[in-house]
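J.: Going by our numbering, 305 is the number at position 274 of the sequence shown; the sequence numbering is gapless.
All C-beta atoms in this analysis are idealised placements derived from N, C-alpha and C, irrespective of residue type, glycine included.
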Amino acid sequence: MVQQSESKHGMWSSRLMFIFAAAGSAVGLGNIWRFPYLAGENGGGAFVLAYLACIALIGLPILISEILLGRAGRQSPINAMVQLADVSKVSRNWQVIGWMGALAGFMILSFYAVIAGWAMAYVLEMMSGRFVGVDPAQAAASFETFISDPAQVVAWQTGFMILTIAIAARGVGRGLEVTVRYLMPALFFLLVALVIYSGVTSGRFVDGLAFLFQPDFERFDSSSLITAMGQAFFTLSLGMGAIMAYGAYMPKGSSIVGTAATIAVLDTSVALMSGLVIFPLVFANGLESSAGPGLMFITLPIAFGQMTGGQVFGTAFFVLVSFAAITSSISLLEPAVAWVVEKTSLGRVKAASLVGGVAWLLGLGSALSFNLGADWTLPNGFNFFDTMDYVSNNILLPLGGILIAVFAGWRLSGETLQEQMQEDQGALILWRFLTRYLAPVGVLIVFIVTIF
Ligand code: PFF
């Protein structure tokens, strides 16, 4: 097939900008909010070990596949899959990858905006100094009061969605790229500063390190395994076409394997560094490492409240989280926005508003899960928010991942593959083995172990 050199939606101006954008998508609430509390709940080092294995053996080959398919298709994931299926002379049903991805994207964005809204609210809370010297009960009460007020939670969720839509509406170059160009370096700088602050002021850096790397297998079970795998997909933004959409705007002529490895290393470093910000503070203040989703919003403010400079660094921390969330949410929107632009006569502004509006509406269910809708639960106790989180991360993303791996590994035309992997001949065999066998079988095994 003759590769289209440009996407009609625009292009990243360089390989580095693609790395910023994809790392921006990958680095998010998953790294700073979700990873530390999951590690805290599932045996620290044991969870980290399983997570790292999933990243290297399953995540990385699928990340490469998504970039490759995106760059080969140069369109929204749904249309790219139709085109690649035609070129490869296989059934057009493979476009289901694009459709499932769009569905998962809506589901994730809907609850993502709620948590991101909390983080933005906490920038102001921290800045106000209200956490200085608080005790655990006060910090918990403060968080409870905040999330049980539907008006506040919905207002912040709405604000975050408007920001996301506004950036997406400006397009690939003026919206997405401008955002990641500034926010990614800022994010990295803030994170390094916070790791140093946390280590120095708490004096417990080594304990944080030990917690992340010393396995405690007693608290690790088969459900921890699927959680680790779901987290690997979630954190690398895999299985739903976000990276495929971004890959469509990647210039030709650079190595996909090298680029993907850089993204995975950056993402993993941010997760581990977030752990190194959070756990030393938690331990120094005698707090619980397994506090669950409240770890960032209750435990951490208590810790900052006890430390010198906590008000400033606490504020910086929530700025960091908000930046990370924005550079991810724009990628959650992109596959559907690109598709609407391709399929209809709507421009980007209307497409972004439409898609974002639907995600916002769905998100109201999650926003209300902590207050008015706290009683709307499934028999297993999951509320709306838990259900969205579980179904998208632990089921839809891994399933999408298997399909992507099978398509890229087994069905994609050899010619297209060669064209995209020109710069990666040395890694081709290993990628092929991992993508054909290890990644799909690995995901299946984790599914089976979890079910039984
Ligand atoms: N990777 C993001 C995070 O770790 O917060 C979340 C995410 C973004 C998941 C984009 C999926 C996605 F397509």
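Could you check what DSSP says for Pro-246 in three-state terms: helix, strand or coil?
T.: Along the sequence shown, one-based indexing puts residue 246 at 215. In this structure, Pro-246 counts as strand in the three-state DSSP scheme.
J.: Indicate the three-state DSSP secondary structure (helix, strand or coil) for Gly-432 in the structure shown.
T.: Here residue 432 corresponds to residue number 401 of the sequence shown, with the count starting at 1. Gly-432: helix per DSSP, three-state reduction.
J.: Quick test of the definition: if touching needs 3 or more C-beta pairs under 8 Å, does the stretch 422 to 431 touch the stretch 135 to 151?
T.: At 8 Å Cβ cutoff, the stretches touch.
J.: Under the rule that 16 or more other beta-carbon atoms within 10 Å means buried, what is Ser-36, buried or exposed?
T.: Here residue 36 corresponds to residue number 5 of the sequence shown, with the count starting at 1. Burial call: exposed.
J.: Buried or exposed for Phe-310, going by 16 or more other Cβ atoms inside 10 Å?
T.: Start at 1 with the first residue of the sequence shown, and residue 310 comes out as number 279. It is buried - the Cβ of Phe-310 has at least 16 other Cβ atoms within 10 Å.
J.: Could you check which residue in Met-304, Leu-269, Met-192, Ile-476 has the C-alpha nearest to that of Gly-101?
T.: As a working mapping, residue 101 is identified with position 70 in the sequence shown. It is Leu-269.
J.: Mapping DSSP to helix, strand and coil, what is Gly-164?
T.: Taking the sequence shown and counting its residues from 1, the one referred to as residue 164 is at position 133. Coil, per DSSP.
J.: Which residues mark the beginning and the end of the alpha helix (DSSP H) in which Trp-149 is found?
T.: On the sequence shown, position 118 is the one that residue 149 refers to. Note, Trp-149: alpha helix (DSSP H), 127 to 158.
J.: Closest to Leu-385 by CA distance: which of Phe-49, Leu-409, Ala-199, Gly-71 is it?
T.: What you label residue 385 is simply residue 354 of the sequence shown in a count that begins at 1. Closest option to Leu-385, Cα to Cα, is Ala-199.
J.: Going by C-alpha to C-alpha distance, which of Val-389, Ile-146, Leu-469 sits closest to Pro-324?
T.: Counted from its first residue, the sequence shown places residue 324 at position 293. Comparing Cα positions, the closest option is Ile-146.
J.: Does the Cβ-Cβ distance between Ser-359 and Ser-38 come in under 8 Å?
T.: By 1-based counting over the sequence shown, the position of residue 359 is 328. By 1-based counting over the sequence shown, the position of residue 38 is 7. No, Cβ-Cβ distance for Ser-359 and Ser-38 is not below 8 Å.
J.: Sort out for me which residues DSSP pairs Gly-61 with in a bridge.
T.: Counting from 1 along the sequence shown, the entry for residue 61 is found at position 30. Answer by DSSP bridge pairing: none, since Gly-61 is not bridged.
J.: I need the DSSP call for Gly-523, collapsed to helix, strand or coil.
T.: With the chain represented from 32 up to 483, any question about residue 523 goes unanswered, as that position is not in the structure.
J.: Count the other CB atoms, across all protein chains shown, that sit within 10 Å of the CB of Phe-220; report buried if there are 16 or more and exposed otherwise.
T.: Position 189 of the sequence shown, counted from the first residue, corresponds to residue 220. Classification of Phe-220: exposed, given that the 10 Å Cβ count is below 16.
J.: For Lys-39, which of helix, strand or coil comes out of DSSP?
T.: Within the sequence shown, numbered from 1, the residue matching residue 39 stands at position 8. In the structure shown, Lys-39 sits in coil (DSSP, three-state: anything other than H, G, I, E or B).
J.: Do Leu-307 and Gly-239 have their C-beta atoms within less than 8 Å of each other?
T.: In the sequence shown, the residue the question calls residue 307 occupies position 276. In the sequence shown, the residue the question calls residue 239 occupies position 208. Against a cut-off of 8 Å, the Cβ pair of Gly-239 and Leu-307 comes out as a contact.
J.: Quick one: what's got a C-beta closer than 6 Å to Asn-402's C-beta in the same chain, skipping five residues either side?
T.: Translated into the one-based positions of the sequence shown, residue 402 becomes position 371. Cβ neighbours of Asn-402 beyond the five flanking positions: Ser-179, Pro-181.
J.: Rounding to the nearest angstrom, what Cα-Cα distance links Ser-141 and Ile-361 in this structure?
T.: Looking up residue 141 in the sequence shown gives position 110. Looking up residue 361 in the sequence shown gives position 330. Each residue's alpha carbon lies about 12 Å from the other.
J.: Say the cut is 7 Å; is the CB of Asn-110 nearer than that to a heavy atom of the ligand PFF?
T.: Here residue 110 refers to the residue found at position 79 of the sequence shown. Incorrect: Asn-110 has no Cβ contact closer than 7 Å to the ligand PFF.
J.: State yes or no: is the C-beta of Asn-425 nearer than 7 Å to some heavy atom of the ligand PFF?
T.: Position 394 of the sequence shown, counted from the first residue, corresponds to residue 425. Not under cutoff, so the answer is no.
J.: Lys-381 lies in the alpha helix (DSSP H); which residues open and close that run?
T.: Here residue 381 corresponds to residue number 350 of the sequence shown, with the count starting at 1. Unbroken alpha helix (DSSP H) run through Lys-381: 379 to 398.
J.: Is there contact between the stretch 328 to 346 and the stretch 160 to 177, where contact requires at least three CB pairs shorter than 8 Å?
T.: Yes, the stretch 328 to 346 is in contact with the stretch 160 to 177.
J.: Below 8 Å, how does it come out for the stretch 436 to 447 and the stretch 66 to 82: are there three or more Cβ pairs, yes or no?
T.: The stretch 436 to 447, when compared against the stretch 66 to 82, does not touch it at the 8 Å Cβ threshold.
J.: Which term fits Asp-406, buried or exposed, when burial requires 16 or more other beta carbons within 10 angstroms of its beta carbon?
T.: Here residue 406 refers to the residue found at position 375 of the sequence shown. Counting Cβ neighbours within 10 Å, Asp-406 comes out exposed, since fewer than 16 surround it.
J.: For a test of the three-state rule: what should DSSP assign to Ile-329, helix, strand or coil?
T.: In the sequence shown, the residue the question calls residue 329 occupies position 298. In the structure shown, Ile-329 sits in coil (DSSP, three-state: anything other than H, G, I, E or B).
J.: Any Cβ of chain B within less than 8 Å of the Cβ of Lys-120?
T.: Note that chain B does not occur in the displayed structure, where there is just one protein chain.
J.: Classify Trp-407 as helix, strand or coil using the three-state DSSP reduction.
T.: As a first step, residue 407 is located in the sequence shown; it is residue number 376 there, counting from the start. Note: Trp-407 maps to coil in three-state DSSP.
J.: Does the ligand PFF have a heavy atom nearer than 7 Å to the CB of Met-260?
T.: For the purposes of this step, residue 260 is taken as residue 229 along the sequence shown, with counting starting at 1. Because no heavy atom of the ligand PFF lies under 7 Å away, the Cβ of Met-260 does not count as near it: no.
J.: Among residues of its own chain, excluding the 5 on either side of Trp-64, which ones have a beta-carbon nearer than 6 Å to its beta-carbon?
T.: One-based indexing of the sequence shown puts residue 64 at position 33. So the list reads Met-327, once near-sequence residues are dropped.
J.: Between the stretch 365 to 373 and the stretch 103 to 114, do at least 3 Cβ pairs fall closer than 8 Å?
T.: Output reads yes: the stretch 103 to 114 touches the stretch 365 to 373.
J.: Report all residues from its chain with a CB closer than 7 Å to the CB of Ser-397; omit the five preceding and five following residues, and keep chain order.
T.: On the sequence shown, position 366 is the one that residue 397 refers to. Correct list, in chain order: Ser-141, Phe-142, Val-145, Phe-415, Phe-416, Met-419.
J.: For Val-477, which residues of its own chain have a beta-carbon under 7 Å away from its beta-carbon, when the five flanking residues on both sides are left out?
T.: In the sequence shown, the residue the question calls residue 477 occupies position 446. So the qualifying residues of the chain are Leu-256, Ile-257, Met-260.
J.: Apply the 10 Å Cβ neighbour rule to Pro-366 and answer buried if 16 or more other Cβ atoms are within range, or exposed otherwise.
T.: If you number the sequence shown from 1, residue 366 lands on position 335. By the neighbour-count rule (16 or more Cβ atoms within 10 Å), Pro-366 is buried.
J.: Do Met-271 and the ligand PFF come close, with the Cβ less than 7 Å from some heavy atom?
T.: By one-based count along the sequence shown, residue 271 stands at place 240. Correct: Met-271 has its Cβ closer than 7 Å to the ligand PFF.
J.: Between Gly-387 and the ligand PFF, is the CB less than 7 Å from at least one heavy atom?
T.: Here residue 387 refers to the residue found at position 356 of the sequence shown. Checking the Cβ of Gly-387 against the ligand PFF gives no.
J.: Once you ignore the five residues that flank Ala-217 on each side, which residues in its own chain have a CB closer than 7 Å to its CB?
T.: Indexing the sequence shown from 1 puts residue 217 at position 186. Answer for Ala-217: Phe-354, listed in chain order.
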